[in-house]
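A short write-up of the structure that comes next.
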Amino acid sequence: MALSTIGTNQIASGAVTVPKVADQVLSNRNIVINGAMNVSQRTGAAVADMGGSAGYINLDRFRYEASGTAGRFTTTQTAVSDLPGFLNCLHLDCTTADTSIAASEILALEHRIEGQNLQQLKKGTSSAESVTVSFYMKTNAAFVFMCVLNDFDNNRVNTQKFTTTTDWTRHSITFVGDTTGALGDDSGNSLSVSIYLHAGSNYTGGTYVANTWQSRAASDNMIAPGIGSFYSSTNNDVKLTGLQMEIGTSATPFEHEDFGTTLAKCQRYFFRFQSDTAYDAFAPAYWLVTTQVYAMYEFPVTMRDQPAMTVSSFTSGDWRIHSNGGDGNLGSLIINRCTPNNVQTFSDQSSNTGTAGYAGAIRNYGSTSPYIEFSAEL
0 MALSTIGTNQ
10 IASGAVTVPK
20 VADQVLSNRN
30 IVINGAMNVS
40 QRTGAAVADM
50 GGSAGYINLD
60 RFRYEASGTA
70 GRFTTTQTAV
80 SDLPGFLNCL
90 HLDCTTADTS
100 IAASEILALE
110 HRIEGQNLQQ
120 LKKGTSSAES
130 VTVSFYMKTN
140 AAFVFMCVLN
150 DFDNNRVNTQ
160 KFTTTTDWTR
170 HSITFVGDTT
180 GALGDDSGNS
190 LSVSIYLHAG
200 SNYTGGTYVA
210 NTWQSRAASD
220 NMIAPGIGSF
230 YSSTNNDVKL
240 TGLQMEIGTS
250 ATPFEHEDFG
260 TTLAKCQRYF
270 FRFQSDTAYD
280 AFAPAYWLVT
290 TQVYAMYEFP
300 VTMRDQPAMT
310 VSSFTSGDWR
320 IHSNGGDGNL
330 GSLIINRCTP
340 NNVQTFSDQS
350 SNTGTAGYAG
360 AIRNYGSTSP
370 YIEFSAEL
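Per numbering that gives the first Met the number 0, residue 0 is the first one in the sequence shown, and the count goes up by one each step.
Quick look at the structure:
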């Protein structure tokens, strides 16, 4: 092979061209989980009459901070057909307007992050890194909203406004590094990236200072000055997808990952045993004594912490213990022992006895709707 002048990316004439590292798409850039809005373990269907309380409602890892308002909205995971590369978005549709805004009103979308997943930010050191938050948003009209980084460990905040459009627009917002206040190296809620859509004077009464880390020890009134209101009209809707937070001063292309990887990350915080058909088995069980049934639930991934359990209602004999060829109604399911890897439940069967030592299974009976869910959310 004849040698030739070797350029930046060329080894020799006819050799394979090797791309520079700067030209390669690096993985594990996105600190946000489920930014493409693909995973929805709770429900992908519309949930109506939202706005009166906070919590995780539908899409995994996305929490609503909502209180104090008469405004209401419907939230759903909506299919996307007009944004290449994305198939799903988080969709908010205003169903009840609220134009008389009380001081304590708030509506924000929030993504909370464990401190041990944020050490690369070097926060609280002289080498603190800038981070760039990017996302695609589409609204029915132009709105001014606020993108906020909340440092829960040190009670600090950084805010920046952005303006939406009626087309899908990629917003890219860079936050300077914070040399004050290290983040905890643990599984606690250390920092969130939030989008504020509506707020009263408790959150808007201060002076807006863009891209500056501030202490909010005295007041939260610097979080959302000058923003518009999602609740201004029942015509309003907001669609969001492609949320990414990465180290650096510019947004790189959104980091798509396979569905299984995203699902496993989400299951660290929430997991639901959901019945798909009648008579599904949920967990192996056994009679310890004639009046007590124990069952064990193994999680697909280690959860962030010992989870709380929620069980759908016990109406119409939906839950049964199947053992020795027969079914008996379960009166309750109560956590007996719990770790981030598994949970053991206990059921007092004083009104429905069995045979000590017999094995069986917890299963639904005749209904396709029962579920058992475990939450270790931040």
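All C-beta atoms in this analysis are idealised placements derived from N, C-alpha and C, irrespective of residue type, glycine included. Keep in mind it's a predicted model, so treat the numbers as computed, not measured.
Through-space distance from residue j to residue i, alpha-carbon basis
i           : j           : result
residue 345 : residue 298 : 17 angstroms
residue 21  : residue 139 : With a pLDDT of only 40 at residue 21, under the threshold of 50, the placement of this residue in the model should not be trusted; the figure read from the coordinates follows. Distance between the alpha carbons of residue 21 and residue 139 is about 38 angstroms.
residue 55  : residue 287 : 36 angstroms
residue 373 : residue 261 : 18 angstroms
residue 206 : residue 220 : 8 angstroms
residue 89  : residue 134 : 12 angstroms
residue 278 : residue 335 : 24 angstroms
residue 33  : residue 265 : 7 angstroms
residue 317 : residue 241 : 39 angstroms
residue 47  : residue 338 : 34 angstroms
residue 94  : residue 233 : 5 angstroms
residue 325 : residue 311 : 22 angstroms
residue 352 : residue 359 : 13 angstroms
residue 65  : residue 322 : 45 angstroms
Per-residue burial, residue i [other beta carbons within 10 Å of its own, 16 or more giving buried]
i           : result
residue 199 : buried
residue 86  : exposed
residue 363 : buried
residue 439 : It is not possible to answer for residue 439, since the shown part of the chain is limited to 0 through 377.
residue 309 : exposed
residue 371 : buried
residue 57  : buried
residue 84  : exposed
residue 174 : buried
residue 257 : exposed
residue 355 : exposed
residue 333 : exposed
residue 208 : exposed
residue 23  : Confidence at residue 23 is low in this model, with a pLDDT of 40, below 50, so its placement is unreliable and no value can be given for it.
residue 235 : buried
residue 98  : exposed
residue 37  : buried
Beta-bridge partners of residue i, as assigned by DSSP
i           : result
residue 93  : 72
residue 190 : 112, 150
residue 273 : 370
residue 466 : Since the first residue shown for the chain is 0 and the last is 377, residue 466 is missing from the structure and cannot be characterised.
residue 321 : 326, 360
residue 63  : 54, 108
residue 308 : 373
residue 28  : Per DSSP, none; premise fails for residue 28.
residue 383 : There is simply no residue 383 to check, as the chain begins at 0 and stops at 377 in what is shown.
residue 87  : 78
residue 46  : 74
residue 195 : 107, 145
residue 100 : Note: residue 100 sits in no beta bridge, so no partner.
residue 341 : 297
Closer than 7 angstroms to chain C by CB, residue i
i           : result
residue 269 : The chain inventory of the structure shown lacks chain C, comprising one protein chain alone.
Q: At 3 residues or longer, and completely inside the segment 118 to 180: list those beta strand (DSSP E) runs for me, N to C.
A: 130 to 138, 143 to 150, 155 to 162, 168 to 174
Q: Determine, using beta-carbon pairs with one atom in the segment 246 to 263 and one in the segment 92 to 103, whether at least three such pairs fall under 8 angstroms.
A: no
Q. Would you call the segment 24 to 33 and the segment 66 to 81 touching, i.e. three or more CB-CB distances under 8 angstroms?
A. no
(Q) For the segment 173 to 191 against the segment 142 to 153, do three or more pairs of beta-carbon atoms, one drawn from each stretch, fall closer than 8 angstroms, so that the two count as touching? (A) yes
Q | Within the segment 214 to 290, ranges of the alpha helix (DSSP H) (whole runs, at least 4 residues) | A | Here the runs fully enclosed are 258 to 266.
Q. Contact between the segment 164 to 173 and the segment 104 to 119: three or more CB pairs below 8 angstroms?
A. no
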